[in-house]
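A.B. asks:
Protein chains: 2
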Amino acid sequence: MHSGGGENGKKALERVDLVVRVVSHMKKTLESRLAPSLVTIFVPPHVRAFFPGFHGTQLLPASDGSGPHPHLILDDLAAGLRRPSLIDIKISARTWYPSAPDDYVRKCLKKDRDTTSLALGFCISGVRIHQGGNAGFWRPDREAVRRFTAEDVKRALRQFVSSNPASDPGPPDCAFASAVYGRSDGVLAQLLELKAWFEDQMLFHFYSVSVLVMYAREEVEARRAGGGVRVKLVDFAHVMEGNGVIDHNFLGGLCSLIKFISEILTDPDECLAEPNKTHLSFENGS
Amino acid sequence: MHSGGGENGKKALERVDLVVRVVSHMKKTLESRLAPSLVTIFVPPHVRAFFPGFHGTQLLPASDGSGPHPHLILDDLAAGLRRPSLIDIKISARTWYPSAPDDYVRKCLKKDRDTTSLALGFCISGVRIHQGGNAGFWRPDREAVRRFTAEDVKRALRQFVSSNPASDPGPPDCAFASAVYGRSDGVLAQLLELKAWFEDQMLFHFYSVSVLVMYAREEVEARRAGGGVRVKLVDFAHVMEGNGVIDHNFLGGLCSLIKFISEILTDPDECLAEPNKTHLSFENGS
Chain A
2 MHSGGGENGK
12 KALERVDLVV
22 RVVSHMKKTL
32 ESRLAPSLVT
42 IFVPPHVRAF
52 FPGFHGTQLL
62 PASDGSGPHP
72 HLILDDLAAG
82 LRRPSLIDIK
92 ISARTWYPSA
102 PDDYVRKCLK
112 KDRDTTSLAL
122 GFCISGVRIH
132 QGGNAGFWRP
142 DREAVRRFTA
152 EDVKRALRQF
162 VSSNPASDPG
172 PPDCAFASAV
182 YGRSDGVLAQ
192 LLELKAWFED
202 QMLFHFYSVS
212 VLVMYAREEV
222 EARRAGGGVR
232 VKLVDFAHVM
242 EGNGVIDHNF
252 LGGLCSLIKF
262 ISEILTDPDE
272 CLAEPNKTHL
282 SFENGS
Chain B
2 MHSGGGENGK
12 KALERVDLVV
22 RVVSHMKKTL
32 ESRLAPSLVT
42 IFVPPHVRAF
52 FPGFHGTQLL
62 PASDGSGPHP
72 HLILDDLAAG
82 LRRPSLIDIK
92 ISARTWYPSA
102 PDDYVRKCLK
112 KDRDTTSLAL
122 GFCISGVRIH
132 QGGNAGFWRP
142 DREAVRRFTA
152 EDVKRALRQF
162 VSSNPASDPG
172 PPDCAFASAV
182 YGRSDGVLAQ
192 LLELKAWFED
202 QMLFHFYSVS
212 VLVMYAREEV
222 EARRAGGGVR
232 VKLVDFAHVM
242 EGNGVIDHNF
252 LGGLCSLIKF
262 ISEILTDPDE
272 CLAEPNKTHL
282 SFENGS
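Protein chains in written order, with our numbering: chain A, 2 to 287; chain B, 2 to 287.
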């Protein structure tokens, strides 16, 4: 259940608000078959942990000031994590569904070509990285993230697990790569588990769905087990029925992300030997 | 090297002719890096067998009567197989490359939506199935194949490994499924090997490339080892550089095909219990 206040609470409320749109969309497209409570029926137990837990609906004031609306109450995905670093990675090269109207296809296609979605099979849609101690977060603004090139994405995935700040003239040091991306319960292992499910499941096709990765730097630095590493699926506004076909679009993008992360783990030296630093906008967030 | 005459020779010549276009395209896009002889440098030995062998160039009369043109001499992929059954499966949901001009994108996109490419991640672009004894081939014409729905594709992949003719009112019996799709050296095993390479390789992106599957019914019926099962990659006219990213588009489609074939192997009963036979055009070929 989302917490009542603070940073995590705000994040959870934003997410809850988003889900209102999800439900009305799901009702249209899936006749409620994908209502979150039904995830527990269709999704095998070991995959269920990737989905936010669902705790019923409530009438709550919408964040846009339009008055009370029915909201789904979902888990606060970052509950219990102190100052988590977060990266929101929108998976798949194509964000539109085959039956979408032409206007919608054109709009999405342009966006997929403008971002890295088409080229890489995924794009980063948000990132904030705790810079250690009291240095706050590195949090490039939405517009800067939207303009990320393939090189920027590569660097951001490294910066995400580095101890040196993004403002450093040198390359990211990837000091936390093995603790966050590696390990038997780390990000890579969890993504591989997700991949195995996507190779098989034919119930749902996920358009514009993100993988949200988070960890707590303080826990990693203190070498606490797990380091607060979590991998979750979020943003289900465009989930469609699978009609007996695997989600080859999502799966392809997921495999591409897996390869990017594997490379960081297998070539840690490249982190420190990066020849050309990409300049990303830097902003000290809260 | 392609044989001088007969059915296989004609097929090989057609393919050789096609490859002329490939080379001129490759020269433009890859500065010849993908010239077939170089496959031996970039592709690991266990994957090389999926590519046709290359035996130099020759000036030969083009099949469109436009006079002599330089031709690549490639292996006759069906050499040594008597009356092979063949299925040409064009892999990937998207047949256009990210830097393609808008007109080309629009044309391909329409085609991908009209065929099963977008929905399934692959489409069948040609099929001929030996019907046993002297019954000739089931060979639906190009236009019929182009109109295949998802159900038609499902059925054609079953028909491809069935002993009863496509004209049967009942469902395909999948009698050869385990001999052709199964086995440790069968189609599924070979596709999984190809998949493992695509999860890793970042050199080439394959657009409009097909997996060509073939086997000899007589060999399968006589329970000869291997049954003449072959899996090859063909049609390299639109191969691009990978630029450090896996070919998530091809990989997704390949995983979808793998799932279709796995389902035939794991649910053999469904072959015989198929409730609604899809009516496909039937033509007795040579």
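Note that CB positions come from ideal geometry on N, CA and C, so glycine has one too.
Under a Cβ-count criterion, where at least 16 other Cβ atoms within 10 Å of its own Cβ denotes burial, should B:Tyr-182 be classed as buried or exposed?
C.D. replies: The residue in question, B:Tyr-182, is buried, as its Cβ has 16 or more Cβ neighbours within 10 Å.
A.B. asks: Contact between the stretch 84-97 of chain A and the stretch 210-217 of chain A is defined here as three or more beta-carbon pairs at a separation below 8 Å; is this criterion met?
C.D. replies: Enough Cβ pairs lie closer than 8 Å, so yes.
A.B. asks: Mark A:Ala-79 as exposed unless 16 or more other C-beta atoms lie within 10 angstroms of its C-beta, in which case mark it buried.
C.D. replies: Under this definition A:Ala-79 is a buried residue.
A.B. asks: Is it buried or exposed for A:Gln-59, if we count other Cβ within 10 angstroms and need 16 for buried?
C.D. replies: Counting Cβ neighbours within 10 Å, A:Gln-59 comes out exposed, since fewer than 16 surround it.
A.B. asks: Tell me whether the beta-carbon of A:Phe-199 lies closer than 9 Å to the beta-carbon of A:Asp-248.
C.D. replies: Going by C-beta atoms, A:Phe-199 is nearer than 9 Å to A:Asp-248.
A.B. asks: Would a check of beta-carbon distances place A:Glu-200 closer than 9 Å to chain B?
C.D. replies: Chain B, which has a Cβ nearer than 9 Å to the Cβ of A:Glu-200, makes this yes.
A.B. asks: Do the CB positions of B:Pro-173 and B:Arg-184 come within less than 9 Å of each other?
C.D. replies: In this structure, B:Arg-184 does not lie closer than 9 Å to B:Pro-173 by Cβ.
A.B. asks: Does B:Lys-111 pass the burial test, meaning 16 or more other C-beta atoms within 10 Å, or should it be called exposed?
C.D. replies: Under this definition B:Lys-111 is an exposed residue.
A.B. asks: For B:Gly-54, which residues in the same chain have their Cβ closer than 7 Å to its Cβ, ignoring the five residues on either side in sequence?
C.D. replies: For B:Gly-54, where only same-chain residues beyond five positions count, the Cβ hits under 7 Å are Leu-75, Asp-76.
A.B. asks: On the DSSP bridge assignment, give the partners of B:Met-215 in chain order.
C.D. replies: B:Met-215 is bridged to B:Leu-87, B:Arg-231.
A.B. asks: Any beta carbon of chain B sitting closer than 9 Å to that of A:Met-203?
C.D. replies: It does; some Cβ of chain B falls within 9 Å.
A.B. asks: I want to verify the contact list: residues of chain A whose CB lies under 8 Å from the CB of B:Pro-172, in sequence order.
C.D. replies: Within 8 Å Cβ-Cβ: nothing; B:Pro-172 doesn't reach chain A, min ~16 Å.
A.B. asks: With burial defined as no fewer than 16 other Cβ atoms inside 10 Å of the residue's Cβ, what is the status of A:Pro-141: buried or exposed?
C.D. replies: Result: buried.
A.B. asks: With the cut-off set at 9 Å, would you say B:Ser-257 and B:Ser-126 are in Cβ contact?
C.D. replies: For B:Ser-257 and B:Ser-126, no; Cβs fall outside 9 Å.
A.B. asks: So with Cβ pairs under 9 Å, would you call A:Lys-260 a contact of chain B?
C.D. replies: Judged by the 9 Å Cβ criterion, A:Lys-260 is in contact with chain B.
A.B. asks: Sort A:His-206, A:Ile-262, A:Glu-220, A:Asn-250 by Cα distance to A:His-239 and report the nearest one.
C.D. replies: Ranking the options by Cα distance to A:His-239, first place goes to A:His-206.
A.B. asks: Can you tell me whether B:Ser-257 is helix, strand or coil according to DSSP?
C.D. replies: Residue state, collapsed to three classes: helix.
A.B. asks: Does chain A have any CB closer than 9 Å to the CB of B:His-70?
C.D. replies: Chain A contact via Cβ: absent.
A.B. asks: Exposed or buried, what is B:Ala-178 when buried is set at 16 or more other beta-carbons lying within 10 Å of its beta-carbon?
C.D. replies: Label assigned to B:Ala-178: buried.
A.B. asks: State the start and end residues of the unbroken alpha helix (DSSP H) segment that holds B:Leu-73.
C.D. replies: First-last for B:Leu-73: 69-75, but that is the beta strand (DSSP E), not the alpha helix (DSSP H).
A.B. asks: Could you check the C-alpha separation between A:Ser-163 and A:Ala-176 for me, to the nearest Å?
C.D. replies: Between A:Ser-163 and A:Ala-176, the C-alpha separation is close to 5 Å.
A.B. asks: Examine chain B for any beta-carbon lying closer than 9 Å to the beta-carbon of A:Ile-125, and answer yes or no.
C.D. replies: No, no contact with chain B.
A.B. asks: Considering just the uninterrupted stretch of the beta strand (DSSP E) at B:Arg-129, what are its terminal residues?
C.D. replies: Here the beta strand (DSSP E) through B:Arg-129 covers 123-131.
A.B. asks: If B:Ala-94 and A:Val-246 are in contact, beta carbons under 8 Å, what's the gap, nearest whole angstrom?
C.D. replies: Not confirmed; about 10 Å, so no contact.
A.B. asks: If we ignore side chains and look at the alpha-carbon of each, how far apart do A:Ser-4 and A:Gly-81 end up?
C.D. replies: Reliability fails at A:Ser-4, whose pLDDT of 32 lies under 50, so the model's placement of it is uncertain and the value that follows must be treated cautiously. Approximately 10 Å, taken between the alpha carbons.
A.B. asks: By the DSSP assignment, the beta strand (DSSP E) with B:Gln-59 in it spans what residues?
C.D. replies: Looking at the DSSP string, the run of the beta strand (DSSP E) that includes B:Gln-59 is 55-62.
A.B. asks: Taking its Cβ as the centre, do 16 or more other Cβ atoms sit within 10 Å of B:Tyr-105, making it buried, or is it exposed?
C.D. replies: By the 10 Å Cβ count, B:Tyr-105 comes out exposed.
A.B. asks: Out of B:Phe-52, B:Leu-61, B:Arg-114, point me to the one whose CA is closest to A:Pro-99's CA.
C.D. replies: Closest by alpha carbon: B:Arg-114.
A.B. asks: Is it buried or exposed for B:Ser-33, if we count other Cβ within 10 angstroms and need 16 for buried?
C.D. replies: Residue placement at B:Ser-33 is flagged as unreliable, the pLDDT there being 39, under the threshold of 50; the coordinate-derived value follows with that caveat. With fewer than 16 Cβ atoms within 10 Å of its Cβ, B:Ser-33 is classed as exposed.
A.B. asks: Who are the near neighbours of B:Tyr-254 in its chain, counting only those whose CB is closer than 7 Å to its CB and skipping five residues on each side?
C.D. replies: As written in the sequence, residue 254 of chain B is Gly, which differs from the Tyr given in the question. Cβ within range, chain order: Ile-92, Ser-93, Ala-94, Gly-122, Phe-123.
A.B. asks: Between A:Arg-225 and A:Glu-219, what straight-line distance do the alpha-carbon atoms span, to the nearest angstrom?
C.D. replies: Rounded to whole angstroms, A:Arg-225 to A:Glu-219 spans 9 Å at the Cα level.
A.B. asks: Please report whether the beta-carbon of B:Cys-109 lies at a distance below 9 Å from any beta-carbon of chain A.
C.D. replies: No, no contact with chain A.
A.B. asks: Just checking: is the beta-carbon of A:Met-27 within a distance shorter than 9 Å of some beta-carbon in chain B?
C.D. replies: Because A:Met-27 sits at a pLDDT of 42, beneath the cut-off of 50, its placement in the model cannot be relied upon, and the point is left open.
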